[in-house]
Each structure stands twice: as structure tokens, then as C-alpha cells.
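In my numbering, the protein residues as written are 5 to 296.
Written out below as C-alpha cells is the structure these notes cover.
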Ligand SMILES: [Zn+2]
């Protein structure tokens, strides 16, 4: 009997099946991909993924200890090359390491979008520089350095922050006042001052602030390292720490900060890396539907 039991346990461990899927084999700079792990037995520890020298914890799907997922950001300035994605998980005390390759390709974003703004918003005075640096520290300590382990979206899909024409897409290479080079870190929606802005998903307001470049901005924590933010607002309708529901009005659009005219700049950070907010939403919605 003992031998029989032993054989059963042995065969379970020998033939335990683990399926790992990556959402992409090729991925554009400035976007997000997902790693999904499905096992036929419970994992006693959440698996990890190592990508570009960073370790990311995977999270259970709907609380199942057999299914895990993680969304990983690819920095806009990433080299266009093949990168290793290593998935690590424990089965019966044995550490398994599975390696995958992902090809980082050029996002083929629009080149040379020329923007004219107030001089003082490009060449910063000492005072503005110090203000801008100070602001970043506040945002970093209150928002980007924090990873909420829970899924604050409650497995809900993302929606648009506003139904309006997109006037400038994420990723456009930008030249400010003929000199300063940068790229567009979000998606711009045409909006008259006072237009409603909606939370793109469930979450918690991580910070409400008036910033040098972004003007009045609301940061929403969606959990697991994902934050959306909404800038150049005229009015805030939420407070820090407030729980918000998808589609809830969080403020009114405006023309505060570094701006050429009133609009909504909607942006997204994942583990403190800026990613295309609409590509993230599309991928997230697909993954939560496909793996339940
Ligand atoms: Zn913008």
C-alpha cells in the first residue's frame, strides 16, 4: 500500500502539467505584454517572471492557485532586440525555470510632432526645475513606488476616460519649441474646458495634485503596479484615498500645465514604466476574458 501511494505521488509530480503562455512573441516599445501560467496542481508559492533584470511576481487569476498572470511593461526607450523572459515556479519543492524569447520591435510611432508651448515650460527656470523635481519625488513616494498586491479593478475591463476624438496618439516623437526632444507619454482627447472625465476602471485615488507640466492631475491605483492618470484638469471631483468605480466622473477637463489648448492627456504607468494606455486596456480586457 505504501509503495502504491508513493507511486501515485511520484507520478503526480512527474506528470504535473504546467502551461505557460506569452501574449506576444513580438512586442512594440512602449507597450505591455502578459504572461499566463496554468498548472494542473496548486502552486504553494506565486511564480515569478524575470524580464530585463527585474523580477515580477505573478498573481492568481480569480483566486485560483493553479492560474497566474502578470502584465509586463516594455520601456519606450528599450533596445530593439530579443529579450529573455524567464518564468520561475516551484513544484513539489523543485524550482523550475522556463525561458522564452520576446522580440522587442519598433513601435513605428509618428515622427517629429512639433509642439509650441510657453517658453518657460521648455527651458526651465531654477525655480521651475526645483518645483518639477520636488513634484516627481511626491508622485514617486505616493504612487509609483507602491505596488498594491490586490487587483483593484476587481477583474473588470477598462473603458475610455472620455468619448471624444483622439487628437494625439501615444508615442509620437515630439519636438518642443524647435529644440527639446521627447515623446508623447499618453493619449490626448479633444475636450472643451469642463468636459466630464471618467475613471477608466475601478480603483483607489492614489494622489490628486497640481503639477508643473501635467497641471491638475488625478492618479488612480488599479492594483498590481498599474496606475492610470488624467491631466490638465480644471476641477477635481475626487480626493486621495477615495474608492472610485469604473465610469465614475473624477473631474473636469481643462488647460492647466504645459499645454497648447484644452484637452485630456490620459496616461498609464505599469511598475513605474510609461506604457500606451489604450494598448494596455485592450490587452487587459482580452486576457481577463480569455483566462478565468
Ligand atoms: Zn498628451
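Heads up, the beta-carbon is just placed ideally off N, CA and C, and yes, glycines get one too.
Source: prediction; values computed, not measured.
Q.
Using only the alpha-carbon positions, how far apart do residue 297 and residue 111 sit?
A. Because the chain spans 5 through 296 in this model, residue 297 falls outside it and cannot be assessed.
- prompt: Between residue 192 and ligand 1, is the CB less than 7 Å from at least one heavy atom?
  reply: Within the chosen limit of 7 Å, ligand 1 reaches the beta carbon of residue 192 through at least one heavy atom.
Answer yes or no: the CB of residue 172 versus the heavy atoms of ligand 1, is any distance below 7 Å?
Yes, ligand 1 has a heavy atom inside 7 Å of this Cβ.
- Query: What is the rounded straight-line gap between the Cα of residue 258 and the Cα of residue 87?
  - Reply: Computed Cα separation, rounded: 41 Å.
Task: Cutoff 6 Å; reference residue 94; Cβ partners in own chain excluding five residues on either side - done: Result list for residue 94: 49, in chain order.
Worksheet item: The beta strand (DSSP E) spanning residue 77 covers which residue range?
Response: Element bounds for residue 77: 68–77.
For a test of the three-state rule: what should DSSP assign to residue 124, helix, strand or coil? In the structure shown, residue 124 sits in a helix (DSSP, three-state: H, G or I).
What residue ranges within the stretch 234–276 form continuous alpha helix (DSSP H) runs of no fewer than 4 residues, ordered along the chain?
Within the stretch 234–276, no alpha helix (DSSP H) run of at least 4 residues lies entirely inside it.
**Prompt:** Measuring CB to CB, does residue 250 end up less than 8 Å from residue 200?
**Reply:** For residue 250 and residue 200, no; Cβs fall outside 8 Å.
Problem - Cβ pair residue 232, residue 193 closer than 8 Å - result: It is not a contact, given that the beta carbons lie outside the stated cut-off.
Taking just the CA atoms, how far does residue 98 sit from residue 191? When rounded, the distance between both Cα atoms is 45 Å.
Quiz item: Taking the alpha carbon of residue 229 as the point to measure from, which residue in 128, 101, 272 and 218 has its own alpha carbon closest?
Solution: Here the closest residue by C-alpha is 272.
For residue 236 and residue 71, the rounded distance between their alpha carbons: So the two alpha carbons sit approximately 40 Å from each other.
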